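These protein sequence lines map, in sequence, to chains A and B.
When we follow the working numbering, the leftmost residue of the first sequence carries the number 3, and every step to the right adds one.
When we follow the working numbering, the leftmost residue of the second sequence carries the number 722, and every step to the right adds one.
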Amino acid sequence: EAGVAQSPRYKIIEKRQSVAFWCNPISGHATLYWYQQILGQGPKLLIQFQNNGVVDDSQLPKDRFSAERLKGVDSTLKIQPAKLEDSAVYLCASSYGGSGGEYEQYFGPGTRLTVT
Amino acid sequence: DAKTTQPTSMDCAEGRAANLPCNHSTISGNEYVYWYRQIHSQGPQYIIHGLKNNETNEMASLIITEDRKSSTLILPHATLRDTAVYYCIVREWGPGSARQLTFGSGTQLTVLP
């Protein structure tokens with residue numbers, strides 16, 4: 003089974019520029035997550051989707067970050083304008099979802115963003 | 722905030738068992754204990770989870786104390802490829818936002834040749 007795909011793997015931008023990350027979850031997975039992982043820390047959840055609806059975006063800095071999952075499959079995360087402190091690895095994960103049950107999350111390889 | 726406490730780092734000799742402890746003294750009755758690991762430059766990988774009974778799969782064993790306030794992840798025969806950061810996470814059972822994982826800083830396990 004194919005895993006979670008993310009692109010690009012690496013991105014270098016200057017502050018105040020914009021950037022977008024793409025994620026394609028495992029086929030059939032209803033739940034999709036975006037995490038931010040700053041060097042030396044564990045991943046921090048930014049946003050959680052169930053199909054194409056947002057379940058939780060309480061930790062998403064909405065003044066500069068946005069995310070969408072229009073058809074309930076792949077998703078994009080955008081930062082505009084970027085700040086130096088946005089330098090991190092952005093991880094996408096998916097899980098089977100559905101009501102009830104316990105389903106582990108499968109993570110993609112991440113996109114390493116460097117803001118200069 | 723993460724609800725677990727783990728040592729910052731541990732070493733283990735190759736071929737020996739690696740025992741990674743985790744304290745979760747405030748765990749509630751409907752919370753599971755999950756373990757994930759993250760090998761350098763990769764995304765986290767699910768290892769195992771449990772509620773109150775000990776669990777074993779092809780990767781590891783999870784031992785949860787009777788009072789559920791602590792647990793130990795056991796890698797029975799550690800290899801160099803097991804070098805990673807290991808995260809212990811408690812998570813509620815249920816739909817929606819209850820499925821979120823809150824990662825702490827984890828334990829850096831280094832398997833030595």
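Glycine residues also receive a C-beta, built at the ideal position from the N, C-alpha and C atoms.
Because the structure is a prediction, the values reported are computed rather than measured.
**OP:** Could you check the C-alpha separation between ASN54/A and CYS94/A for me, to the nearest Å?
**Re:** Their Cα atoms are separated by approximately 15 Å.
**OP:** Starting from the C-beta of ARG11/A, find all residues in its chain whose C-beta is less than 8 Å away, skip the five residues before and the five after it, and write them out in chain order.
**Re:** PRO111, GLY112, THR113, ARG114
Subject >> Those runs of the beta strand (DSSP E) which lie wholly inside the segment 751-810 of chain B and span at least 3 residues >> reply: With a minimum length of 3 residues, the continuous beta strand (DSSP E) runs that stay inside the segment 751-810 of chain B are 752-759, 766-771, 782-785, 791-796.
Original post:
Listed from N- to C-terminal order along the chain, which residues in the segment 20-32 of chain A have their beta-carbon within a distance smaller than 7 Å of any beta-carbon of chain B?
Top reply: none
Original post:
List, in order along the chain, the chain A residues whose C-beta lies closer than 7 Å to that of GLN763/B?
Top reply: PRO111
Original post:
Using a C-beta cutoff of 8 Å, does ASP76/A count as contacting chain B?
Top reply: no
Original post:
Does any residue of chain A bring its CB to less than 8 Å from the CB of LEU801/B?
Top reply: no
Original post:
GLY44/A touches chain B at which residues, Cβ-Cβ below 7 Å?
Top reply: TYR808, PHE824, GLY825, SER826, GLY827
**OP:** Using three-state DSSP, classify LEU86/A as helix, strand or coil.
**Re:** helix
Original post:
Looking at the C-beta of GLN727/B, does it have a partner C-beta in chain A at a distance below 8 Å?
Top reply: no
Subject >> Assigned exposure category for ASN758/B - 16 Cβ within 10 Å defines buried >> reply: Position check: residue 758/B holds Arg in this sequence, whereas Asn was assumed. That one is buried.
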